[in-house]
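The sequence shown begins at -16 in the working numbering and counts up one residue at a time.
C-beta: ideal position from N, C-alpha, C; glycine also.
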Amino acid sequence: MSSLQRIVIVGASLAGLRAAETLRAEGFEGSITVVGDEPHLPYDRPPLSKQVLRGEWDAERVALPAARNEALDLTWEVGVAATGLDQAARTVALADGRQLPYDGLVIASGAAPRHLPGTEHLDRVHALRTIDDALAVRRRLEAGVGRVLVVGAGFIGAVVAASCREAGVEVTMVEPLPAPLARVLGPEMGGVVADLHRDHGVDLRVETGVEAVVEGPEPGSPLHVTLTDEQVVEADVVVVGIGVIPNTGWLHSCGLLIEDGVLCDATTLAAPGIVACGDVARWPNTLFDEVMRVEHWEHALDMGAHAARRLLAGDGPGEPFTPVPFFWSDQYDRKIQLAGRVRPTDQIEVVAGSIADRRFCALYGREGRVVGALTMNMPAKVIRYRRQISEGLRWDDALAAAAEPPAPPAR
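Below, the structure is given as structure tokens:
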């Protein structure tokens, strides 16, 4: 067992909590202090844009039970931000002036949403990243707003648009790329998502951004949103989902490599005695030969656990972290799931179901191997392909296997 006695985790998040759980599960008996800038204990974020936004769940239901597990013996420092790191002194500075000493540090400080420039003073323009954000938008919807403008058709924007439509609200969604999720799925499969939203009544404007948002002439009158195509859209509420920025400002001049996140080695080690995990961490995933940063729920769990074990390994070499990234998105009655790391230029082949039925499995190929599997309402397929991608599934082998007729049922 490692000689560590005091571990500080910066980030009262899913990744940070999983790191704490893993430290205890691996036998660490020293002190664990968890720092978070929000006033809440860790909670689950995926329901914020769905069940919480639609008023089906209250804030308590998204709380993560492990955060209240007294057996973990965690010291919580919530509602206070980390403001600095001194590697030589092995201390973390807090916004209230205190210095937390550590022997081992887990950086799980997550990411913050990007904002539309010039809208900071508008109280009807919202991001949707935290429980407080979700409750603020929900209060707007419950007050009877009729029109919502969603800026960005990525993970957050597309789900918010679907939730608002299911609540009976008119939705306009604008996206600078040619299709929703085009950066992740590519334009062809992004077009499938576009059709899904249009069929549910979303006024989707692609290859269009926002130029300006201004208040109407009277209190409570609609916001006037000027788009980059010079059209003006009226909305009662604007929800912005244009990506996130890793929370690394508190690490300025601390000596760590900061490049779109905290740059780690293949094992999640950022410096001696320091690991990083979750949305804030970038590392070389040797399975895909790519330095990547991943922002999804399951990734936070897996990387938080891996980083904790790496920290306990001390001066040992550690194991490389080589996951097959995975995400899902529930939109209307469709469950969209993607395993792998895909690019818009990859080969795409539908190997099961049909796009017309919006129930299908499509494979992404690059350089002779399968690098991704996208499914819509075919969850068993994506689970199987995720495992096979981790084993180095070849493109030709996958297509040949998919073309074989199914085996007859056993008698």
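Using a Cβ distance threshold of 9 Å, Gly244 and Val258 do not count as a contacting pair.
Note that the C-beta distance between Arg130 and Val220 is below 9 Å. For Gly19, no alpha helix (DSSP H) run applies; the uninterrupted beta strand (DSSP E) run containing it begins and ends at Ser14 to Gly19, by DSSP. For Ser204, the closest alpha carbon among the candidates Glu217, Gly19 and Gly151 is that of Glu217.
For Arg326, the number of other beta carbons within 10 angstroms of its own is below 16, and it is reported as exposed. In chain order, Leu187 place their CB closer than 7 Å to the CB of Arg181, counting only its own chain and leaving out the 5 sequence neighbours on each side. Scanning its chain for C-beta atoms nearer than 6 Å, with the 5 sequence neighbours on each side dropped, one finds around Val18 the residues Val(-7), Glu60 and Ala65, in chain order. Per the Cβ contact rule, the stretch 165 to 181 is in contact with the stretch 138 to 152 (3 or more Cβ pairs under 8 Å). In this structure Ala363 is exposed. Its beta-carbon is surrounded by fewer than 16 other beta-carbon atoms within 10 angstroms.
Straight through space, the alpha carbons of Gly62 and His23 are spaced by roughly 7 Å. Three or more Cβ pairs closer than 8 Å define a contact, and the stretch 280 to 299 falls short of that threshold against the stretch 108 to 127.
DSSP places Trp266 inside the beta strand (DSSP E), whose first and last residues are Ala264 to Asn268. Non-local C-beta neighbours of Asp86 in its own chain, meaning closer than 6 Å and more than five positions away in sequence, comprise Leu(-13), Gln(-12) and Arg(-11), ordered along the chain. Taking a contact to require three or more Cβ pairs closer than 8 Å, the stretch 282 to 299 and the stretch 246 to 256 qualify as touching. In the DSSP assignment, Asp69 falls within the unbroken beta strand (DSSP E) covering Ala65 to Asp69. Secondary structure note for Phe304: it is in no beta strand (DSSP E), with a DSSP letter that is neither H nor E. For Ala335, the enclosing beta strand (DSSP E) starts and ends at Gln330 to Ser337. For the stretch 179 to 253, the continuous beta strand (DSSP E) assignments of 3+ residues that do not extend past its boundaries occur at 186 to 189, 193 to 197, 206 to 210, 215 to 218, 220 to 223 and 227 to 229, in sequence order. Where Pro362 is concerned, the enclosing alpha helix (DSSP H) starts and stops at Pro362 to Ser373.
Counting other Cβ atoms within 10 Å of its Cβ, Arg1 reaches 16 or more and is therefore classed as buried. Pairing Leu99 with Val196 gives a Cβ-Cβ distance under 9 Å. Secondary structure at Asp116: helix, using DSSP grouped into helix, strand and coil. In this structure, DSSP gives Ala76 an extended state, which the three-state scheme calls strand. In the same chain as Gly355, and ignoring 5 residues on each side of it, the C-beta atoms closer than 8 Å to its own belong to Leu321, Ala322, Gly323, Arg324, Val325, Asp329, Leu346, Tyr347 and Ile372, in chain order.
By the CB criterion at 9 Å, Val353 and Phe343 fall outside the cutoff. Beta-bridge partners assigned by DSSP to Leu132: Thr155 and Val221. The beta carbon of Asp313 sits closer than 6 Å to none of the beta carbons in its chain outside the five residues before and after it. Counting only residues of its own chain and dropping the five nearest sequence neighbours on each side, Asp79 has a CB closer than 8 Å to the CB of Val63. The stretch 39 to 49 makes no contact with the stretch 87 to 97, as fewer than three CB pairs between them are under 8 Å. By the neighbour-count definition (other C-beta atoms within 10 Å, threshold 16), Leu240 is an exposed residue. Within the same chain, and ignoring the five residues on either side of Val128 in sequence, the residues whose Cβ sits closer than 7 Å to its Cβ are Val152, Asp219 and Val220. With fewer than 16 other Cβ atoms from the protein chains shown falling within 10 Å of its own Cβ, Asp56 counts as exposed. The beta-carbon separation of Arg97 and Gly226, rounded to 5 Å, stays under the 8 Å limit for a contact.
Assignment of Arg81 by DSSP, reduced to helix, strand and coil, places it in the coil class. For the 9 Å CB-CB criterion, Pro267 and Asp248 form a contact.
Distance from the CA of Glu273 to the CA of Pro200, rounded to the nearest whole angstrom, comes to 51 Å.
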